[in-house]
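Chemist: The C-terminal residue of the sequence shown carries number 175 in the numbering used here, and the numbering is unbroken.
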Amino acid sequence: MGSSESVYMANDSGQDIYVMAALNPDWAIATSSLTLPYLPEEIHSLLDLYQYIKAATDVVKNSGDVGSDAYSAAMALIDGFRQNSVPITYQDYKDVQKEDFLSMYLSASGIASLLGAKTVSLVVMSGDGMQVAMWDTNADDSWIATNQTEIIRSKYGSIWQPDPADGTIAWPIGG
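1. What residues in its chain sit with their C-beta under 6 Å from that of A74, if we drop five residues either side in the sequence?
2. Can you give the Cα-Cα distance for T119 and D163, rounded to whole angstroms?
3. Looking at the strands, I want to know which residues DSSP matches up with E150.
4. Hey, quick one: how far does the alpha helix (DSSP H) through T119 stretch, first residue to last?
5. Rounded to a whole number of angstroms, what is the C-alpha to C-alpha distance between I88 and I43?
6. W160: buried (16+ other C-beta within 10 angstroms of its C-beta) or exposed?
7. So, are the CB atoms of F81 and M125 less than 9 Å apart?
8. Since S13 sits in a beta bridge, which residues does DSSP pair it with?
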């Protein structure tokens, strides 16, 4: 919104959302200061983490069809993401490329690499853990998490005015 280094995420979803920003989907998790109680060895990048969170939302959605161990592992991963990402309360917004936002889950070198980046990868998860999305955005785009199954681009120069013609991101329930 005006600054070449501002990516705003607005929350109109009806619940809290949790956000992580990274330089790109293949950004190494080691660059961050993540402390997940249940972090499979296969998770090396933000994209890996997203894919595991997405699978965890499916497990939680279908909890009647899976064993309690799978459900517990899925919830541990979802809770870990919540604890290591930045919450945005309903009807609030944040600049997800701002240093104080990034310092909540990134090391100093991770922050330095993201400040001034022209493209940023975002992972957004709903508070109930049932919706998760990942996409790349330009450094001057703003987005609105809705209570529907999509995240909508904001009109340039606005945070809360949706402009679906500029872009939408699928945010399906249950991964």
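Glycine included, each C-beta is placed from N, C-alpha and C at the ideal position.
Modeler: A quick look at the data gives this:
1. As a working mapping, residue 74 is identified with position 74 in the sequence shown. The answer, listed in chain order, is A56, V59 and V60.
2. Along the sequence shown, read from residue 1 onward, the residue named residue 119 stands at position 119. Along the sequence shown, read from residue 1 onward, the residue named residue 163 stands at position 163. Going by the C-alpha atoms only, they are around 20 Å apart.
3. The residue labelled residue 150 in the question sits at position 150 within the sequence shown. A170.
4. Indexing the sequence shown from 1 puts residue 119 at position 119. Careful: T119 lies outside any alpha helix (DSSP H), inside the beta strand (DSSP E) at T119 to S126.
5. Within the sequence shown, numbered from 1, the residue matching residue 88 stands at position 88. Within the sequence shown, numbered from 1, the residue matching residue 43 stands at position 43. If I take the Cα positions, the gap works out to 25 Å.
6. Taking the first residue of the sequence shown as 1, we reach residue 160 at position 160. The residue in question, W160, is exposed, as its Cβ has fewer than 16 Cβ neighbours within 10 Å.
7. As a first step, residue 81 is located in the sequence shown; it is residue number 81 there, counting from the start. As a first step, residue 125 is located in the sequence shown; it is residue number 125 there, counting from the start. Judged by their CB atoms, F81 and M125 are nearer to each other than the 9 Å cut-off.
8. Taking the sequence shown and counting its residues from 1, the one referred to as residue 13 is at position 13. DSSP output for S13 lists no bridge partner at all.
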